[in-house]
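Residue numbers (our numbering): 7 to 256.
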């Protein structure tokens with residue numbers, strides 16, 4: 007039993023995305039559904055108001071519960087599949103240096119490191135607790151790297167994607183997942199894209215996964231001189247559904 011517990015504790019923990027929103031959806035979904043069921047029991051013949059309230063409550067309860075469940079699946083199943091698809095698009099040979107912008111718990115960062123036996127994966131984040139809770143910190147990310155046996159080729163830095171703490175042309179590839187949309191200002195998102203391109207080596211590749219602003223990212227990459235820009239079809243592996251934007255630096 008002790009050995010089993012040690013195995014469980016040693017597993018990488020990549021966290022629940024937007025935990026506050028997930029639990030809000032689930033709790034409100036239960037409340038609305040319960041309210042709708044109570045109204046259904048109280049409906050008398052011809053009571054149109056109660057009928058409408060019942061339908062409205064059940065409708066809202068259904069969609070909130072569904073949204074919460076889909077977000078749970080996205081966090082524990084979908085994002086793992088999307089990580090692999092995104093990294094496949096980079097066609098890594100194993101000796102590159104890859105940057106994960108907004109690395110969080112290290113899902114992409116560590117996924118890249120697993121494909122870089124002779125390379126290095128670097129993550130940078132300013133550790134917001136909004137998206138992944140209070141466990142979103144450097145210590146958790148490094149613990150996950152250790153659990154996946156790639157700590158020797160993973161580096162984690164503090165920093166802001168709008169002013170990356172790296173020299174020009176430092177990385178063979180740059181990735182980001184559900185990170186850039188957290189910047190509310192259009193101009194500051196554009197600045198983050200400029201920084202990503204700046205630290206990328208010539209012929210380096212970019213892959214950005216997000217559920218918002220994909221066309222903006224593509225336009226900003228084009229403005230920065232990137233080519234072979236492609237926006238993937240909408241993927242329902244995650245919820246909300248996501249696009250992946252890829253490009254190559256001239």
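We treat Cβ as the ideally placed atom computed from N, Cα and C, and that holds for glycine. Here the structure is a predicted model, which is why all the values come from computation and not from measurement.
For residue i, the three-state DSSP class (helix, strand or coil)
i           : result
residue 167 : coil
residue 41  : helix
residue 21  : coil
residue 131 : strand
residue 209 : strand
residue 257 : Absent from the structure is residue 257, since the part of the chain shown begins at 7 and ends at 256.
residue 121 : coil
residue 49  : coil
residue 28  : helix
residue 126 : strand
residue 179 : strand
residue 253 : strand
residue 162 : strand
Cβ neighbours of residue i in the same chain (closer than 8 angstroms, five flanking residues each side left out)
i           : result
residue 43  : 64
residue 68  : 35 and 39
residue 207 : 175, 176, 177, 178 and 255
Contacting residues, own chain, Cβ-Cβ under 7 angstroms from residue i (five flanking each side not counted)
i           : result
residue 141 : 21
residue 135 : 142
residue 148 : 157 and 162
residue 8   : Reliability of the predicted coordinates at residue 8 is poor, the pLDDT of 29 falling under 50, and the value obtained from them is presented with this limitation in mind. So the list is empty, once near-sequence residues are dropped.
residue 45  : 56, 59, 60 and 63
Cβ-based neighbour list, residue i, same chain, cut-off 6 angstroms, excluding 5 preceding and 5 following
i           : result
residue 57  : 49
residue 214 : 182, 223 and 251
residue 165 : 130 and 171
residue 245 : 76, 77 and 80
residue 95  : 213 and 252
Closest Cα partner of residue i within the set the options
i           : options              : result
residue 251 : 26, 199, 207 and 243 : 199
residue 98  : 109, 209 and 229     : 209
residue 178 : 203, 242, 79 and 193 : 203
residue 230 : 126, 212 and 93      : 212
residue 193 : 226, 46 and 221      : 226
residue 219 : 240, 30, 234 and 201 : 240
Cβ separation of residue i and residue j, assumed to be a contact under 8 angstroms, to the nearest whole Å
i           : j           : result
residue 120 : residue 156 : 6 angstroms
residue 71  : residue 32  : 7 angstroms
residue 107 : residue 160 : At roughly 15 angstroms, the Cβ-Cβ gap does not stay under 8 angstroms, so residue 107 and residue 160 are not in contact.
Report the start-end ranges of each beta strand (DSSP E) in the segment 186 to 241 that is 3 residues or longer and not cut off at the edges. 206 to 216 and 232 to 237
Mind listing, in chain order, the continuous beta strand (DSSP E) runs of no fewer than 3 residues lying wholly within the segment 74 to 109? 103 to 107
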